[in-house]
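Converting from the sequence shown to this note's numbering requires adding 12 to each position, the first position being numbered 1.
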Amino acid sequence: MPTVAVDVMGGAHGPEAAVQGVAAVSLQSDIDCLLVGDEARIQKILESTAYNPERIAILHAAEAIGASEEPRSAVRYKRKASLFVALREVAAGRCAAVVSAGNAAAALGASRRELTLLPGVRTAAMASVYPRAAEDAGQDPLALALDVGATVRCTADELVHFAVMGSTYARVISRVAEPRVALLNMGRDPLQGDAVLSAAHRRLRDRRGLNFVGNIEGHELTSGRADVVVCEGLLGNIVFKLLESVATMAVDRTAAATPRSWRRRAGMAIMAAGSDGLRALADSSSYGGAPLLGFEQVVIQVHDGSQVHDGSQAQGGSQAQAIGNAVKVAAKAARDGLIPALKAALADD
């Protein structure tokens, strides 16, 4: 298994959640991890938890980029931060992938400085998996959306690249044989939207080897119609944060409601039976992080902080689980040849 570099310093829960997540992975798998951050703090946390020392190494970094720091300033002035140190380990080939649970914008900016874009790619995309209904037996319960925050506006060429990279990721990581790709728009008509969306639709429709199913509307996102949804980063970021917040609100309202009669209790029982999907959407700890696609190295960004509302200890535990799952996804991506597959798919342009 490849070695995964983990930036443990940037998350909202500090190094505790990240180190605990990696410690759990060391007992469950044969993945080697390099913990990058304050060596003394990392060692102290490891001494208080069970882990396999043969699977974990530590690389000291003198600085850290906080979750609430201004990203541009941090990327410019904190070049000795754990995030940069971890990325350099990957760029130098000493590690096969990097995982960070810190500032997402800083992770993107630092990756642009330290890593190389894939041939033909002009901008990276942040992808995110999310739960959806399955229309077919055996259909993956998770869909992939990109871009969800790395860009504001895009060209038609960039949307096509996002589609190719997203389809390849779904095929390699999720084992979807022919991922169905859709373009997020205000309607199914190929001419709807602006000139960029119309041109992107035309190019996606004509793209060889891409299973393009046309435009998809917002209310269809949680259906099984598409395995990969392509959109500009501004739109994607707003849409998926809205989905997450609505799911969180629904779960919270359901949990807070007080049954006052047998009819109310019966209704609550029915609602509870269907709340698992909402709870899954509200808690991203099981997703395995968001890949930054477009670089010649594997980069996984962990959602910084779960939407669980059971107190900081529960949030920290959920974050540890999220980081552990992200490490597993990063190792799988490196082991199964995600980057060579992306290069081969993009070379067909």
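Where a beta carbon is used, it is the ideal one built from N, C-alpha and C, also for glycine.
Test item: CB-CB of residue i and residue j under 8 Å
{"i": "Y43", "j": "A302", "result": "It is Ile, not Tyr, that sits at residue 43 in the sequence shown. No. Outside cutoff."}
{"i": "D50", "j": "M21", "result": "yes"}
{"i": "M138", "j": "D152", "result": "no"}
{"i": "S38", "j": "E147", "result": "no"}
{"i": "R214", "j": "F224", "result": "no"}
{"i": "A175", "j": "L233", "result": "no"}
{"i": "A116", "j": "Q313", "result": "yes"}
{"i": "E308", "j": "I351", "result": "yes"}
{"i": "G161", "j": "G248", "result": "yes"}
{"i": "P131", "j": "K355", "result": "yes"}
{"i": "G105", "j": "Q331", "result": "no"}
{"i": "L171", "j": "V241", "result": "no"}
{"i": "I70", "j": "Q55", "result": "yes"}
{"i": "G199", "j": "E229", "result": "yes"}
{"i": "V310", "j": "A338", "result": "no"}
{"i": "V193", "j": "S210", "result": "no"}
{"i": "P27", "j": "I57", "result": "yes"}
Assigned secondary structure, residue i (DSSP; H/G/I helix, E/B strand, else coil)
{"i": "E142", "result": "Per the sequence presented here, residue 142 reads as Tyr, with Glu not at that position. Looking at Y142 - three-state DSSP - the assignment turns out to be strand."}
{"i": "L233", "result": "coil"}
{"i": "P14", "result": "coil"}
{"i": "A294", "result": "Because A294 carries a pLDDT of 45, less than 50, the predicted location of this residue cannot be relied on, and the following value inherits that uncertainty. DSSP places A294 in helix when its eight states are reduced to three."}
{"i": "N337", "result": "helix"}
{"i": "V133", "result": "coil"}
{"i": "I185", "result": "coil"}
{"i": "A35", "result": "helix"}
{"i": "E308", "result": "coil"}
{"i": "L350", "result": "helix"}
{"i": "A345", "result": "helix"}
{"i": "I250", "result": "helix"}
{"i": "S179", "result": "helix"}
{"i": "Q331", "result": "helix"}
{"i": "S112", "result": "strand"}
{"i": "L203", "result": "coil"}
{"i": "A122", "result": "helix"}
{"i": "P83", "result": "helix"}
{"i": "L171", "result": "helix"}
{"i": "L127", "result": "coil"}
{"i": "A73", "result": "coil"}
{"i": "G323", "result": "Only weak support is given to the placement of G323: the predicted model assigns it a pLDDT of 42, under 50, and the question is left unresolved by the model."}
{"i": "A52", "result": "helix"}
{"i": "A302", "result": "strand"}
Residue nearest to residue i in terms of C-alpha spacing, selected from the options
{"i": "R237", "options": "L196, L203 and D201", "result": "L196"}
{"i": "G306", "options": "R347, A211 and A353", "result": "A353"}
{"i": "V18", "options": "G205, G114, A356 and A189", "result": "G114"}
{"i": "R53", "options": "P65, A119 and A74", "result": "A74"}
{"i": "V16", "options": "R165, G245, A35 and V225", "result": "A35"}
{"i": "A76", "options": "K56, A118, I57 and R67", "result": "A118"}
{"i": "G150", "options": "V176, L71, R187 and R134", "result": "R187"}
{"i": "R220", "options": "R67, A359, A69 and V48", "result": "A359"}
{"i": "V341", "options": "L171, S112, L246 and E229", "result": "S112"}
{"i": "L99", "options": "R67, V48 and G178", "result": "V48"}
{"i": "E12", "options": "A212, A103 and A108", "result": "Summary: the structure shown does not reach residue 12, with the chain confined to residues 13 through 361, and so no result is reported for it."}
{"i": "G349", "options": "S60, A109 and A207", "result": "A109"}
{"i": "L46", "options": "E101, D239 and R134", "result": "E101"}
{"i": "A207", "options": "R183, A182, M177 and A168", "result": "A168"}
{"i": "R165", "options": "T135, I70 and H231", "result": "T135"}
{"i": "D133", "options": "S80, L304 and P83", "result": "Note that residue 133 is Val in the sequence shown, not Asp. Nearest C-alpha to V133: L304."}
{"i": "H25", "options": "S60, R88 and S80", "result": "S80"}
{"i": "L246", "options": "I57, A145 and A157", "result": "A157"}
{"i": "H72", "options": "A62, L95, E66 and N64", "result": "L95"}
{"i": "D239", "options": "A189, L203, K92 and T163", "result": "A189"}
For residue i: DSSP bridge partner residues
{"i": "A194", "result": "V241"}
{"i": "C45", "result": "V16 and I68"}
{"i": "F96", "result": "Its beta-bridge partners do not exist; DSSP assigns none."}
{"i": "N223", "result": "R192"}
{"i": "S210", "result": "Per DSSP, none; premise fails for S210."}
{"i": "I228", "result": "L196"}
{"i": "P27", "result": "DSSP, once it has assigned bridges, lists no residue as partnering P27."}
{"i": "A155", "result": "Y142"}
{"i": "Q313", "result": "S112 and A302"}
query = Is the region 26 to 34 in contact with the region 123 to 130, if contact means three or more CB pairs nearer than 8 Å?
reply = no
task = Say whether the region 239 to 257 touches the region 130 to 150, bearing in mind that this needs 3 or more beta-carbon pairs closer than 8 Å, one atom from each stretch.
result = yes
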